[in-house]
Amino acid sequence: MVSTLTLPESGAVRAVPARRWLTPWQTWGSILIVPYIIILILFVVYPVAYGFWIARHPHSYVELFDDPIFARSAVNTLVFLVIGINIKMVMALLLSGFFIQARTWIKWLSVLFILPWAVPSIPTILSLRFMLNPEWGVINTLIFRITGEDGPNWLNNPTIALSMAIAVHIWKSLPFWTLILIAGRLAIPHDLYESASVDGATKFQKFKYVTWPSLRTLYLTSTILSMIWTLGDFNSVYLLTGGGPADLTHVLATLGIRYLRLDQVDMSMAAIVVALPFVLPLVFFLMKRLSK
Amino acid sequence: MKRPSLGAITTEAKLLLIGIPLAIWTLLPIYHLFLFAISPKESAFSGKLWPDHPTLHNFVVVFKQEHYYLHHFWLQLWNSLLIAVVTGALTLLIATGAAFAISRLKVRGGRVVMNLALLTYFIPAAFLAVPMYRTMGLYGLLNNQWALILAMVTIAAPYAIWVLKQSSDQLPVELDEAAIMDGASPMQLLWFVYVPLMAPALVAIGTYALLLAWNEYLYAFLLLSKDTTVTLPVGLGNFLAADDSPWELLMTTGLIYALPPAAIYYVFRRYMVSGLTQGAVKG
Numbered sequence: 001m002v003s004t005l006t007l008p009e010s011g012a013v014r015a016v017p018a019r020r021w022l023t024p025w026q027t028w029g030s031i032l033i034v035p036y037i038i039i040l041i042l043f044v045v046y047p048v049a050y051g052f053w054i055a056r057h058p059h060s061y062v063e064l065f066d067d068p069i070f071a072r073s074a075v076n077t078l079v080f081l082v083i084g085i086n087i088k089m090v091m092a093l094l095l096s097g098f099f100i101q102a103r104t105w106i107k108w109l110s111v112l113f114i115l116p117w118a119v120p121s122i123p124t125i126l127s128l129r130f131m132l133n134p135e136w137g138v139i140n141t142l143i144f145r146i147t148g149e150d151g152p153n154w155l156n157n158p159t160i161a162l163s164m165a166i167a168v169h170i171w172k173s174l175p176f177w178t179l180i181l182i183a184g185r186l187a188i189p190h191d192l193y194e195s196a197s198v199d200g201a202t203k204f205q206k207f208k209y210v211t212w213p214s215l216r217t218l219y220l221t222s223t224i225l226s227m228i229w230t231l232g233d234f235n236s237v238y239l240l241t242g243g244g245p246a247d248l249t250h251v252l253a254t255l256g257i258r259y260l261r262l263d264q265v266d267m268s269m270a271a272i273v274v275a276l277p278f279v280l281p282l283v284f285f286l287m288k289r290l291s292k
Numbered sequence: 001m002k003r004p005s006l007g008a009i010t011t012e013a014k015l016l017l018i019g020i021p022l023a024i025w026t027l028l029p030i031y032h033l034f035l036f037a038i039s040p041k042e043s044a045f046s047g048k049l050w051p052d053h054p055t056l057h058n059f060v061v062v063f064k065q066e067h068y069y070l071h072h073f074w075l076q077l078w079n080s081l082l083i084a085v086v087t088g089a090l091t092l093l094i095a096t097g098a099a100f101a102i103s104r105l106k107v108r109g110g111r112v113v114m115n116l117a118l119l120t121y122f123i124p125a126a127f128l129a130v131p132m133y134r135t136m137g138l139y140g141l142l143n144n145q146w147a148l149i150l151a152m153v154t155i156a157a158p159y160a161i162w163v164l165k166q167s168s169d170q171l172p173v174e175l176d177e178a179a180i181m182d183g184a185s186p187m188q189l190l191w192f193v194y195v196p197l198m199a200p201a202l203v204a205i206g207t208y209a210l211l212l213a214w215n216e217y218l219y220a221f222l223l224l225s226k227d228t229t230v231t232l233p234v235g236l237g238n239f240l241a242a243d244d245s246p247w248e249l250l251m252t253t254g255l256i257y258a259l260p261p262a263a264i265y266y267v268f269r270r271y272m273v274s275g276l277t278q279g280a281v282k283g
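Going down the list, the sequences are from chains A and B.
The first sequence begins at 1 in the working numbering and counts up one residue at a time.
The second sequence begins at 1 in the working numbering and counts up one residue at a time.
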């Protein structure tokens, strides 16, 4: 790749064709890029290589697959990604249509709507956690006041607890993806809608034949990017359930830290290595899409 | 024109039917946080929409550090600020240099570096955390605030470089050429042409890195553990250690901690939204 770069590109010959051969440019270029290369080597390349080295023993994998918590975490992670992310992205798609309506109150609402994304997750997730407290939380207090019966023990049932963690994740990151899709919708030329109107298209037809074809690529890229980021979402689960009850709501992100705390770093790295065959195709897709 | 048609009213009603639940969903956890912060200890759990006797007492307790968990409140707030500012500045410096070298100086190997950076961007943060923690141990940086700063720069820089490269690729080459004709050196080009033109993107990136570091929890609690070196979110997390945690104080501290990023976001909203979405929309 380096050699192709140094070849003079005949098409790109500009007023200063010899520029890239002039030493001050290359020298300064190198000086300016070296700090990042140092960061990259010290804090990415070396840790990743070290991680693989830690995960080199086959018995780590045997142990890992024998651990029921790992199997459970893998399933949870899959549920989180496949169900959680798709719900979130469909909501973002619909809401982006809502937010582009020209109303003053919707403009104000969109300003407030960003808040979950703009504030740090620790206070808001802990606030949600307390809302869900079975004895004193505001939700069960209201349920009791309205129905006279005790509400569910939200975070003590693994299925509800994981659903709540997914809800927290959606609450936190929905604004960001809605914003992205709003930008995508605003980039669609307006005359496409006008000519569709002239042709007598219904709202649904406009969505199907104008909006969706223009947004499809962005939507897919966003979904995959969101999946990768969500794999690294430690806070939604850790701060809400702590992986409990009985370690049944862990996802890979929190499981790795759990193993680290139990001084089983090899297991922690092995869990990540096992996830790689599923992650790498997504990364490959994104690299192709974004490295232009 | 005299009265809105039936169709317009139903459209408006439908929009409100989406808007009102959405507003409640968005604001409820934040309002709940606020409610706890202004409620006296006894009535915080009453489930009322507004406390009978709103008070600022919790803030006084926090500011005076009058609780076991809050003994280092001001120091931890300072740590958060320091780490966020240094991360923002360092990311800006490193990313600007790299993006300028790759996009404008066309440094050899620039494409490889760009692709490696992008690859780093796609490593889930929690996956890198464990090896990063061990590596920092090997470097002898654990419990040193530089560990967190460097980790945050590592995480923020790839996106920063990518966004800056995207925007700087759009600057016309003629600008550089004109500067070169005038005899400008690469550093003069960077300082007098590139930085002023890129100012909006630079503001967005600096803010992005600053907020990333301020908000970080996982890396902060992994890399720092002394009460006097940790950032405020780690201090908040420590509240969870005990069952009888003073929740009203936790919420108050949390509210104080959440205000600066929200304020910064709203001040720089124009830059942030355009800076952070333009790259994604292109993709």
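We treat Cβ as the ideally placed atom computed from N, Cα and C, and that holds for glycine.
Because the structure is a prediction, the values reported are computed rather than measured.
- Per DSSP, Glu135(A) is not a residue of any alpha helix (DSSP H), being assigned neither H nor E.
- Closest in alpha carbon position to Leu162(A), among Leu126(A), Val251(A), Arg185(A), Ser226(A), is Val251(A).
- In chain order, Ile54, Tyr259 place their CB closer than 8 Å to the CB of Val265(A), counting only its own chain and leaving out the 5 sequence neighbours on each side.
- Taking 7 Å as the threshold, the shortest C-beta distance from Leu164(B) to chain A does not fall below it.
- Annotation for Ile272(A): Gly51, Ala55, Leu252, Gly256 place their beta carbon closer than 8 Å to its own, counting only its chain and skipping 5 residues before and after.
- Residue-level contact by beta carbon holds for Gly29(A) and chain B, with a gap shorter than 7 Å.
- Within the segment 129-142 of chain B, Ala129, Val130, Pro131, Met132, Tyr133, Arg134, Thr135, Met136, Leu138, Tyr139 place their CB atoms closer than 9 Å to a CB of chain A, listed in sequence order.
- A direct Cα-Cα distance of roughly 18 Å separates Pro120(A) from Glu248(B).
- Three or more beta-carbon pairs separated by less than 8 Å are not found between the segment 128-147 of chain B and the segment 22-38 of chain A, which leaves the two stretches without contact.
- Looking from the CA of Ile155(B), the closest CA among Val48(A), Ser291(A), Phe43(A) belongs to Phe43(A).
- Residues of the segment 153-168 of chain A with a C-beta less than 8 Å from any C-beta of chain B: none at all.
- Contact between Ile256(B) and Val62(B) holds: CB atoms are separated by about 7 Å, below the 8 Å threshold.
- Around Leu215(A), the same chain offers Gly184 as residues with beta carbons nearer than 6 Å, after the five sequence neighbours per side are excluded.
- A straight-line Cα-Cα distance of about 8 Å links Gln26(A) and Ala101(B).
- Setting aside the 5 residues that flank it on each side, Leu222(B) is surrounded in the same chain by Ala129, Tyr133, each with a C-beta closer than 7 Å to its C-beta; the list follows chain order.
- Non-local C-beta neighbours of Leu210(B) in its own chain, meaning closer than 8 Å and more than five positions away in sequence, comprise Ala84, Val85, Thr87, Gly88, Ile264, ordered along the chain.
- The Cβ of Leu220(A) sits no closer than 7 Å to any Cβ of chain B.
- Within chain B, no residue has its beta carbon less than 7 Å from that of Leu78(A); the closest one is some 15 Å off.
- In this structure, the alpha-carbon of Leu92(B) lies about 12 Å from that of Met198(B).
- Minimum Cα-Cα distance from Lys14(B) among the listed residues Ile106(A), Tyr46(A), Asp263(A) corresponds to Ile106(A).
- Residues of chain A whose Cβ lies closer than 8 Å to the Cβ of Gly19(B) are, in chain order, Phe98, Trp105, Ile106, Leu109.
- In the displayed model, Gly84(A) falls within a helix according to three-state DSSP.
- For the segment 227-247 of chain B, the residues whose beta carbon sits under 7 Å from a beta carbon of chain A are, in order, Pro233, Leu236, Gly237, Trp247.
- Put simply, the backbone Cα of Leu276(A) is about 16 Å away from that of Pro47(A).
- For the pair Ser103(B) and Lys165(B), the CB atoms are nearer than the 7 Å cut-off.
- The alpha-carbon separation between Leu6(B) and Phe204(A) amounts to approximately 21 Å.
- Distances from the CA of Met152(B) to each of Ala184(B), Tyr217(B), Ala178(B) were compared; the closest alpha carbon is that of Tyr217(B).
- DSSP, reduced to helix, strand and coil, places Ala99(B) within a helical segment of the structure shown.
- Per the Cβ contact rule, the segment 169-188 of chain B is not in contact with the segment 54-74 of chain A (fewer than 3 Cβ pairs under 8 Å).
- Taking Ile125(A) as the centre and dropping the five residues before and after it, the same chain places the C-beta of Val168, Lys172, Asn235, Ser236, Leu239, Leu240 closer than 8 Å to its C-beta, in chain order.
- For Gly256(A), the C-beta contacts it makes with chain B under 8 Å involve Ala126, Phe127, Ala129, Val130, in order along the chain.
- Around the beta-carbon of Met89(A), 16 or more other beta-carbon atoms lie within 10 Å, marking it buried.
- Annotation: Cβ neighbours of Thr154(B) in chain A (cutoff 7 Å, chain order): Ile39, Phe43, Val44.
- At least one beta carbon of chain B lies nearer than 7 Å to the beta carbon of Trp25(A).
- In the three-state DSSP reduction, Gln145(B) falls in the helix class (H, G or I).
- Using a Cβ-Cβ distance cut-off of 8 Å, the segment 279-291 of chain A and the segment 224-231 of chain A are in contact, since at least three pairs of beta carbons, one from each stretch, lie closer than that value.
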